[in-house]
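Reading through the structure tokens given below for one structure.
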Amino acid sequence: MALKVERRAAPLWLQPLLPLLAVVITFVLTSALVLLAGANPLRAYYHFLIEPLSSRVSALEVLVKATPLLLTGIAVTFAFYGGFWNIGAEGQFLVGAAAATAVGLNAHAIPPWVALPLMALSGFAAGMAWALIPALMKTRLHTDEVVTTLLLNTVALLLVSALLNGPWRDPISQWPQSPEIASTAILPKLAPRTRLHLGFLIALATALVVSVLLRRTVFGLRMRAVGLQPKAARFAGIPVERMLLISALASGGIAGLAGMVEVAGIHYRLIEAISGGHGYTGILVAMLGNLSALGVVLAALFIGLIDTGSQTVSRALGVPVYLGEIIQATLLLVTLAVLLLQNYRLRWERRG
Amino acid sequence: MRSPRCAYSAQFPTPQVPIPLSMTQQTPIVSMRGIHKRFGSVLANQGVDFDLQAGEIHALLGENGAGKSTLMRVLYGLYRPDAGSIAVDGRPVLIRSPRDAIALGIGMVTQHFALAAPLSVTENVILGQEGRLWLDRKSAEAQVAAAAQRFGLTVNPRAQVRALSIGQRQRVEILKALYRQARVLILDEPTAVLIPQEVEQLFETLMRLKAEGVSVVFISHKLSEVTRIADRVTVMRSGCVVGSVSAAQASPAELARMIVGQTIMSVSKPRQLSAGRPMLILDDVWADDDKGAPMLRGVSLQVNAGEIVGLAGVAGNGQTELAELIEGTRTCRRGRIMVDGTDVTRASPARMMQAGVGRIPEDRHASVVGDLTVAENMALEHLDEFGRCGLLDRARLRRHAEQLIAEYQIKARPDDRIRTLSGGNMQKVILARVLERQPRVIVISQPTRGLDIRATEYIHGKLLDQRQRGAAILLISEDLDELLKLADRIAVIYGGRIVGVMPAESATPERLGLLMAGMQHEHEAGGPDHGAQG
Numbered sequence: 001m002a003l004k005v006e007r008r009a010a011p012l013w014l015q016p017l018l019p020l021l022a023v024v025i026t027f028v029l030t031s032a033l034v035l036l037a038g039a040n041p042l043r044a045y046y047h048f049l050i051e052p053l054s055s056r057v058s059a060l061e062v063l064v065k066a067t068p069l070l071l072t073g074i075a076v077t078f079a080f081y082g083g084f085w086n087i088g089a090e091g092q093f094l095v096g097a098a099a100a101t102a103v104g105l106n107a108h109a110i111p112p113w114v115a116l117p118l119m120a121l122s123g124f125a126a127g128m129a130w131a132l133i134p135a136l137m138k139t140r141l142h143t144d145e146v147v148t149t150l151l152l153n154t155v156a157l158l159l160v161s162a163l164l165n166g167p168w169r170d171p172i173s174q175w176p177q178s179p180e181i182a183s184t185a186i187l188p189k190l191a192p193r194t195r196l197h198l199g200f201l202i203a204l205a206t207a208l209v210v211s212v213l214l215r216r217t218v219f220g221l222r223m224r225a226v227g228l229q230p231k232a233a234r235f236a237g238i239p240v241e242r243m244l245l246i247s248a249l250a251s252g253g254i255a256g257l258a259g260m261v262e263v264a265g266i267h268y269r270l271i272e273a274i275s276g277g278h279g280y281t282g283i284l285v286a287m288l289g290n291l292s293a294l295g296v297v298l299a300a301l302f303i304g305l306i307d308t309g310s311q312t313v314s315r316a317l318g319v320p321v322y323l324g325e326i327i328q329a330t331l332l333l334v335t336l337a338v339l340l341l342q343n344y345r346l347r348w349e350r351r352g
Numbered sequence: 353m354r355s356p357r358c359a360y361s362a363q364f365p366t367p368q369v370p371i372p373l374s375m376t377q378q379t380p381i382v383s384m385r386g387i388h389k390r391f392g393s394v395l396a397n398q399g400v401d402f403d404l405q406a407g408e409i410h411a412l413l414g415e416n417g418a419g420k421s422t423l424m425r426v427l428y429g430l431y432r433p434d435a436g437s438i439a440v441d442g443r444p445v446l447i448r449s450p451r452d453a454i455a456l457g458i459g460m461v462t463q464h465f466a467l468a469a470p471l472s473v474t475e476n477v478i479l480g481q482e483g484r485l486w487l488d489r490k491s492a493e494a495q496v497a498a499a500a501q502r503f504g505l506t507v508n509p510r511a512q513v514r515a516l517s518i519g520q521r522q523r524v525e526i527l528k529a530l531y532r533q534a535r536v537l538i539l540d541e542p543t544a545v546l547i548p549q550e551v552e553q554l555f556e557t558l559m560r561l562k563a564e565g566v567s568v569v570f571i572s573h574k575l576s577e578v579t580r581i582a583d584r585v586t587v588m589r590s591g592c593v594v595g596s597v598s599a600a601q602a603s604p605a606e607l608a609r610m611i612v613g614q615t616i617m618s619v620s621k622p623r624q625l626s627a628g629r630p631m632l633i634l635d636d637v638w639a640d641d642d643k644g645a646p647m648l649r650g651v652s653l654q655v656n657a658g659e660i661v662g663l664a665g666v667a668g669n670g671q672t673e674l675a676e677l678i679e680g681t682r683t684c685r686r687g688r689i690m691v692d693g694t695d696v697t698r699a700s701p702a703r704m705m706q707a708g709v710g711r712i713p714e715d716r717h718a719s720v721v722g723d724l725t726v727a728e729n730m731a732l733e734h735l736d737e738f739g740r741c742g743l744l745d746r747a748r749l750r751r752h753a754e755q756l757i758a759e760y761q762i763k764a765r766p767d768d769r770i771r772t773l774s775g776g777n778m779q780k781v782i783l784a785r786v787l788e789r790q791p792r793v794i795v796i797s798q799p800t801r802g803l804d805i806r807a808t809e810y811i812h813g814k815l816l817d818q819r820q821r822g823a824a825i826l827l828i829s830e831d832l833d834e835l836l837k838l839a840d841r842i843a844v845i846y847g848g849r850i851v852g853v854m855p856a857e858s859a860t861p862e863r864l865g866l867l868m869a870g871m872q873h874e875h876e877a878g879g880p881d882h883g884a885q886g
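Heads up: the protein sequence lines correspond to chains A and B, in order.
Letter by letter, the first sequence follows residues 1 to 352 of our numbering.
Letter by letter, the second sequence follows residues 353 to 886 of our numbering.
Printed below as a string of structure tokens:
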């Protein structure tokens with residue numbers, strides 16, 4: 001007998017279950033590590049997944065953690081949908097956060113209903129500008145956007161670092177962090193005694209708008225055709241370059257908005273660790289969510305839960321917080337493998 | 353494992369043709385029994401028996417997808433059968449790879465040649481069989497030249513394969529098989545890539561091989577060739593052998609019925625009403641290929657309303673680029689393209705469609721988005737008409753698709769992903785999408801490549817309907833039979849130039865073949881002659 005791989009799409013009923021399958025496989029794979037860390041895997045996963053939902057504060061904290069991921073996930077979804085492989089949400093997030101901070105630092109005399117939209121706008125615009133560079137390089141020079149968007153992430157991080165070590169260094173603490181933004185530039189809280197802020201609703205609204213745009217409009221169908229098969233789309237008279245540019249800019253803008261939301265909703269200032277990989281996690285969220293808005297919302301909430309859970313579990317069982325990160329990373333790899341394998345099937349074949 | 357046998361044997365009893373005594377007494381050189389091969393859900397071969405006698409030319413006839421190539425790829429060791437046995441010279445053998453097949457004296461020339469372009473003919477022939485450490489180029493060249501001479505395979509042993517035509521490359525492939533001492537030579541659709549004169553030459557070679565005792569399996573779907581060259585014909589359909597008959601006693605009508613399983617009425621060209629005004633004019637058009645090298649060098653051509661102009665030519669002589677110019681996906685370097693009086697020289701695909709051009713390209717898969725549905729693909733070229741305030745009107749999309757599916761007898765549902773459709777149905781979707789707009793000019797390339805006889809006849813009928821309606825049709829095809837059947841005038845393209853235009857009545861395969869090979873230059877009296885510049 002020999003194991004043979006055949007090209008064949010998974011049946012339709014199986015496709016929504018695949019991300020779930022990825023989660024189960026991840027838990028099986030990581031249970032050895034949990035054991036090694038001296039904890040019972042079942043108890044660990046209980047603290048990971050169930051415990052954070054058992055109290056109001058920690059349940060709302062899941063939403064807080066999910067907010068930036070939801071936005072970067074939607075950003076990556078928009079790009080991937082149109083066939084622009086944007087790996088640069090991290091960099092777009094950072095420049096968006098920096099631009100929003102620039103407005104927030106100077107917003108003392110402006111009322112919130114002006115300051116907040118202005119911050120959102122500048123964050124969005126900065127993210128767009130950051131995505132414009134690789135987008136133009138792709139449409140004009142046919143440069144691979146995977147490389148250019150990825151490389152620009154480092155540039156954005158150094159830019160933020162230069163700002164924080166230079167002009168924006170906090171004069172009070174002398175830490176490499178910006179001073180606090182104006183109180184009028186802070187997103188209002190949604191629930192007392194929690195960190196949940198208006199940004200969560202902004203993220204949900206963005207997901208809804210993008211979902212309608214991509215799934216329900218003529219524009220969305222054109223975008224989908226470009227993403228699936230640019231050659232055929234061009235043949236059908238669809239302006240492929242323009243659509244690619246739009247998907248790249250929208251994606252960068254939404255990632256930039258995520259940066260603004262984290263500044264105005266959580267930290268109230270720019271710090272170097274403002275993102276801490278939210279842009280990269282957005283790729284995981286988008287893939288895990290199968291590039292659908294509902295899927296992205298669920299995936300962001302799930303990752304938010306794991307994020308919160310990794311803190312709970314380390315407190316309860318004394319295992320390192322890094323275990324949570326390992327589980328996240330494993331989940332990314334397994335998800336990608338499962339999504340890849342859904343186009344194939346394994347079959348036993350008798351040797352001839 | 354005993355396999356279910358094909359149902360056809362009952363439906364079509366093998367004609368009891370008396371077989372010459374000399375053959376019955378020999379054991380067949382190759383005998384295949386109960387060959388089964390499955391690809392996914394497709395049974396490509398289901399219990400096929402096949403015998404090849406020594407020194408015969410045996411044609412394997414059937415439509416695309418009938419299982420002919422699969423059967424022969426099993427024999428050559430390219431595929432491993434799921435069940436069944438093979439005997440060579442009466443002894444059971446196990447063929448696991450082409451290497452095993454070659455050791456048994458079986459050679460195959462597939463449709464895609466396996467030659468190293470930078471090497472010489474001789475180097476290609478002896479590749480893998482050098483024997484010793486040191487290459488004796490001289491004696492190898494002499495051997496190759498002698499073999500070429502003996503079998504009428506004219507090719508220079510020292511020529512670089514890169515510089516050879518498709519027909520010459522095929523000869524190198526045959527030489528390669530003979531050099532490996534093949535007693536059985538399998539040729540997979542060898543004439544598909546040849547011009548008529550090269551076909552004659554190939555047949556001459558096959559006769560000589562036969563005289564030397566080599567057995568030949570000749571895969572084809574062309575009846576006329578098969579009845580001329582073959583001693584014996586085995587017809588396959590849907591993975592089964594329908595029957596095996598002596599070529600001398602098989603009538604083409606009977607063979608056609610065996611291939612298709614039923615009688616098919618062939619469409620015929622009605623009389624041309626009257627050639628209308630010029631609808632598509634190409635005037636001294638120049639364009640580059642994908643690598644930026646000049647491909648079209650001053651093409652001038654005119655297609656009138658109510659007329660089908662066929663464009664003949666060996667692949668790679670500029671017909672793809674010419675079609676892309678009119679499809680709006682390639683940029684014109686120099687010259688002018690007019691559609692019904694409008695200048696569309698550098699028009700985008702969208703503007704070409706506005707000007708009234710219907711485009712059915714060579715590569716079906718590059719004109720539809722495989723993962724979109726049939727309904728979405730049907731609307732893709734005119735999506736604005738399916739929007740309400742920017743929102744997609746799914747109900748209208750569906751109604752539109754249902755209507756076209758019914759009108760064009762497409763076997764698909766509106767929500768099926770288009771890549772799940774058969775080639776014929778996919779082509780019908782593209783045809784429906786284009787013809788629905790009643791285009792004034794239609795440019796259609798290789799419209800029936802890979803389609804079965806039924807779908808082919810359907811598409812031919814639709815094209816003739818369009819001609820009656822008054823459309824100007826440019827039909828680009830490598831299938832001369834198709835051009836002779838449908839076209840009112842036939843133009844021949846060679847080296848990026850139109851080297852001849854003639855009324856279909858005065859076109860013969862021989863005359864077209866000479867032009868296609870670039871051996872002659874003809875011009876329509878009074879026609880614009882820009883081709884001679886450059």
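For every residue, glycine included, the Cβ atom is placed at its ideal position computed from N, Cα and C.
If you count every other CB in all the chains shown that lies within 10 Å of the CB of residue i, and 16 or more means buried, which is it?
i      : result
B:D434 : buried
A:T335 : buried
A:G166 : exposed
B:D840 : buried
B:E759 : exposed
B:V696 : buried
B:Q761 : exposed
B:S374 : The predicted model places B:S374 with a pLDDT of 47, which falls under 50 and marks its position as unreliable, so this point remains unresolved.
A:E61  : buried
A:G123 : buried
A:Q174 : exposed
B:S449 : exposed
A:I172 : exposed
So for residue i, helix, strand or coil by DSSP?
i      : result
A:P112 : helix
B:K574 : coil
B:P622 : coil
A:S55  : coil
B:T725 : strand
B:M871 : coil
A:G91  : helix
B:D452 : helix
Output needed for residue i: all residues of its chain with C-beta closer than 6 Å, excluding positions within five of it in sequence on either side, in chain order.
i      : result
B:A551 : First, the residue type needs correcting, since residue 551 of chain B is Val and not Ala in the sequence shown. For B:V551, where only same-chain residues beyond five positions count, the Cβ hits under 6 Å are T543.
A:I134 : Inspection of the sequence shows that residue 134 of chain A is occupied by Pro rather than by Ile. The answer, listed in chain order, is E145, T148, T149.
B:S383 : D403, A439
Name the DSSP bridge partner or partners of residue i?
i      : result
B:M690 : B:I633, B:D695
B:N397 : B:K389
B:M647 : B:M647 pairs with nothing; no bridge assigned.
B:M384 : B:F402, B:I438
B:H410 : B:V569, B:R584
B:L663 : B:I828, B:A843
Looking only at its own chain, which residues have a Cβ that is under 8 Å from the Cβ of residue i, when we skip the five neighbours before and after it?
i      : result
A:V57  : R193, T194
B:H410 : L404, S567, V568, V569, F570, A582, D583, R584, V585, T586
B:G628 : N656, A657, G658, E659, G822, A824
Excluding the five sequence neighbours on either side, which residues of its own chain have a C-beta within less than 7 Å of the C-beta of residue i, listed in chain order?
i      : result
B:E862 : P548
- Task: Pick out the complete beta strand (DSSP E) segments inside the segment 802 to 855 of chain B, 3 residues or longer, and give them in chain order.
- Result: 824 to 828, 841 to 846, 849 to 855
- Task: Identify every run of the alpha helix (DSSP H) within the segment 744 to 801 of chain B, keeping only runs that are complete inside it and at least 4 residues long; order them along the chain.
- Result: If only uninterrupted alpha helix (DSSP H) runs of at least 4 residues are considered, those enclosed by the segment 744 to 801 of chain B are 746 to 759, 775 to 787.
- Message: Suppose only complete runs of 4+ residues qualify. What are the alpha helix (DSSP H) ranges in the segment 112 to 193 of chain A, listed by chain order?
- Response: If only complete runs of 4 or more residues are kept, the segment 112 to 193 of chain A shows the alpha helix (DSSP H) at 112 to 141, 145 to 165, in order along the chain.
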